[in-house]
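Chains as they are written, first to last, in numbering that gives the first Met the number 0: chain V, 0 to 200; chain F, 0 to 200.
There are 2 protein chains.
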Amino acid sequence: MPTPIEFWFDFSSPYSYLASEKIDELAARHGRKVDYKPTLLGVIFRTTGGVPLTELVPPKASYFIHDFERSARFAGVPFRQPSRFPIPTVGAARALLWLQQQDEEMAVRFLHAAFRAYFSQDRSLAEPEVLGTLATEVGADPVALARGMQEPAVKDKLKALVDESIARGVFGAPTIFVDGEMFWGNDRLPQIERWLATGPF
Amino acid sequence: MPTPIEFWFDFSSPYSYLASEKIDELAARHGRKVDYKPTLLGVIFRTTGGVPLTELVPPKASYFIHDFERSARFAGVPFRQPSRFPIPTVGAARALLWLQQQDEEMAVRFLHAAFRAYFSQDRSLAEPEVLGTLATEVGADPVALARGMQEPAVKDKLKALVDESIARGVFGAPTIFVDGEMFWGNDRLPQIERWLATGPF
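Structure, rendered in structure tokens:
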């Protein structure tokens with residue numbers, strides 16, 4: 000069995016959302032699984048000097064919002080720029096990590112539901128009620144989820160993932176590793192597809 | 000006749016080089032011409048706070064050099080990271096502008112020869128002798144070129160182009176306008192192709 004594709008992301012990253020809508024099928028076409036690894040861009044940016052795209056100087060910020068929308072249409076993915084952006088995603092990341100411990104498939108359903116809620120329905124993942132509702136939608140117990148998100152093991156797991164992402168040179172999202180090869184950005188899906196199909200180039 | 004595609008670039012931009020190797024054929028497939036417009040990232044960056052990719056913090060800088068090389072292999076374009084990077088490109092841009100006034104097709108040949116010299120043969124376009132040799136290679140008179148690069152009209156033209164690029168929100172290269180729609184980056188060629196084939200999306 001080949002190693003899974005590592006998909007590092009932040010729930011507040013629009014290009015991570017776009018890539019998340021394609022990566023499962025892309026991986027499956029090449030007999031791979033996807034290992035979803037949340038990290039926190041807010042923490043990463045403190046080490047790299049990164050800035051959220053919408054907080055860049057005006058011509059860049061407005062270009063990127065236009066590009067989010069156009070890239071979503073190009074990909075055939077529903078998108079609406081959230082009214083609150085970016086948002087803290089510690090809670091959503093912990094929710095995913097707790098769900099991954101309970102039920103891998105349920106966790107994947109939660110991930111996609113959460114990304115779509117934020118980036119196509121303007122539901123802020125920074126609100127605990129939104130996370131609870133999403134849990135219910137994917138068949139999880141929202142009360143158990145709320146408790147699980149507070150477990151020290153879950154908090155430690157997220158901290159370890161953020162540290163690992165920084166140690167491995169992740170500076171933006173999505174960052175996708177295929178057999179150790181690092182690809183940054185939704186734009187690199189075509190290169191990833193070739194790498195999976197024909198090996199290193 | 001549909002309007003030309005505007006291709007804004009800096010001779011020191013690796014992703015501009017990669018895109019320059021594809022844009023003529025892409026445009027021709029859709030009955031368009033390419034209008035090559037040099038600008039100066041060094042000047043643009045002073046207004047946008049931009050930084051050359053290789054001068055970013057170490058994990059970003061090393062990723063980008065790896066990505067230049069991998070993206071070139073993906074595109075089937077010869078590439079060797081120049082030993083001097085980035086370089087001042089005022090001279091190369093003025094040379095192109097002067098050639099565009101003499102002979103449009105010769106200017107396009109010069110542009111491609113210059114990009115390939117810098118990004119696959121490590122010949123620095125900051126050296127006047129390199130520009131003269133390239134002029135000879137494409138059938139231009141290097142003495143006339145050296146004189147032409149000093150003409151006030153040529154200098155003013157480049158200044159006007161840099162000002163125009165900033166006024167239109169260009170913050171990186173390549174930036175490609177199709178009927179007023181702005182696309183930034185070599186990665187956007189697939190979106191440009193769809194736009195040309197089926198119209199706005």
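Just so it is clear, CB atoms sit at the ideal spot from N, CA and C, and this is done for glycine as well.
Any beta carbon from chain V within less than 8 Å of residue i's own beta carbon?
i       : result
F:Phe73 : yes
F:Phe8  : no
Could one say the Cβ of residue i lies closer than 8 Å to chain F's Cβ atoms, at least one of them?
i       : result
V:Pro58 : yes
V:Phe67 : no
Mind listing the chain V neighbours of residue i? Cutoff is C-beta to C-beta under 9 Å, in chain order.
i        : result
F:Met105 : Going along chain V, no residue has its Cβ under 9 Å from F:Met105, so there is no contact; the nearest lies around 34 Å.
F:Phe170 : Leu55, Val56, Pro58, Lys59 and Tyr62
Please list, in chain order, the chain V residues whose beta carbon lies closer than 7 Å to that of residue i.
i        : result
F:Gly48  : Val56
F:Phe200 : Arg72 and Phe73
In chain F, what lies closer than 7 Å to residue i by C-beta?
i        : result
V:Asp186 : Asp186
V:Trp183 : Tyr62
Closest to residue i by CA distance: which of the options is it?
i        : options                                   : result
V:Thr88  : V:Lys32, V:Ala60, V:Pro81 and V:Gly41     : V:Gly41
F:Val33  : F:Ser119, F:Pro1 and F:Asp66              : F:Pro1
V:Gly75  : V:Pro3, V:Ala139 and V:Ala18              : V:Ala18
V:Glu24  : V:Gly198, V:Pro199, V:Glu192 and V:Thr197 : V:Glu192
F:Arg115 : F:Pro151, F:Ala71 and F:Val153            : F:Ala71
V:Gln100 : V:Phe84, V:Phe78 and V:Leu157             : V:Leu157
V:Trp194 : V:His29, V:Tyr16, V:Pro13 and V:Phe6      : V:His29
V:Phe8   : V:Ala196, V:Thr197, V:Thr132 and V:Ser164 : V:Ser164
V:Ile43  : V:Ala125, V:Phe182, V:Ala172 and V:Gly198 : V:Ala172
V:Phe84  : V:Phe109, V:Glu54 and V:Arg45             : V:Glu54
V:Pro13  : V:Phe63, V:Gly48, V:Glu150 and V:Ala112   : V:Phe63
V:Asp66  : F:Ala196, F:Thr197, F:Met181 and F:Gly198 : F:Met181
V:Leu98  : V:Ala125, V:Phe6 and V:Leu144             : V:Leu144
F:Ala159 : F:Ala125, F:Ala92 and F:Ala139            : F:Ala92
V:Val50  : V:Ser11, V:Lys21 and V:Ala27              : V:Ser11
F:Glu104 : F:Ala139, F:Ala125 and F:Pro151           : F:Ala139
F:Glu20  : F:Asp155, F:Leu110 and F:Pro151           : F:Leu110
Who are residue i's beta bridge partners in DSSP?
i        : result
V:Ile175 : V:Phe6 and V:Phe182
V:Pro37  : V:Phe8
What's the gap between the Cα of residue i and the Cα of residue j?
i        : j        : result
V:Asp186 : V:Asp102 : 30 Å
F:Ile86  : F:Phe176 : 25 Å
F:Leu214 : F:Val56  : Shown here, chain F extends from 0 to 200; a query on residue 214 of chain F therefore has no answer.
F:Asp178 : F:Gly184 : 17 Å
V:Gln120 : V:Gln80  : 9 Å
F:Pro127 : F:Gly90  : 8 Å
F:Ile4   : F:Leu188 : 12 Å
F:Lys36  : F:Lys59  : 28 Å
F:Glu68  : F:Pro77  : 9 Å
F:Met148 : V:Ser61  : 36 Å
V:Thr47  : V:Leu133 : 32 Å
V:Ala112 : V:Val129 : 11 Å
F:Arg167 : F:Tyr16  : 22 Å
V:Ser123 : F:Glu136 : 59 Å
V:Val169 : F:Ser82  : 26 Å
F:Arg45  : F:Arg31  : 33 Å
V:Gln190 : V:Ala196 : 10 Å
V:Val153 : F:Arg108 : 59 Å
V:Ala26  : V:Phe6   : 11 Å
F:Thr174 : V:Thr174 : 24 Å
F:Val142 : F:Phe73  : 38 Å
F:Ala201 : V:Ile22  : An answer regarding residue 201 of chain F cannot be provided, because it is not within the stretch 0 to 200 covered by chain F.
F:Ala200 : F:Val161 : Residue identity differs from the one stated: residue 200 of chain F is Phe in this sequence, not Ala. In a straight line, the C-alpha of F:Phe200 is about 29 Å away from that of F:Val161.
F:Arg146 : F:Tyr117 : 22 Å
Residue i versus chain F: which residues are under 8 Å apart at the beta carbon?
i        : result
V:Gln190 : Arg69, Ser70 and Phe73
Applying a beta-carbon distance threshold of less than 9 Å, which residues of chain F neighbour residue i?
i       : result
V:Arg79 : Chain F residues near V:Arg79: none, gap ~16 Å exceeds 9 Å.
Residue i versus chain V: which residues are under 8 Å apart at the beta carbon?
i        : result
F:Arg193 : Phe73
Using beta carbons (cut-off 8 Å, strictly below), is residue i in contact with chain A?
i       : result
F:Val56 : Absent here is chain A; the protein component of the structure consists of chains V and F.
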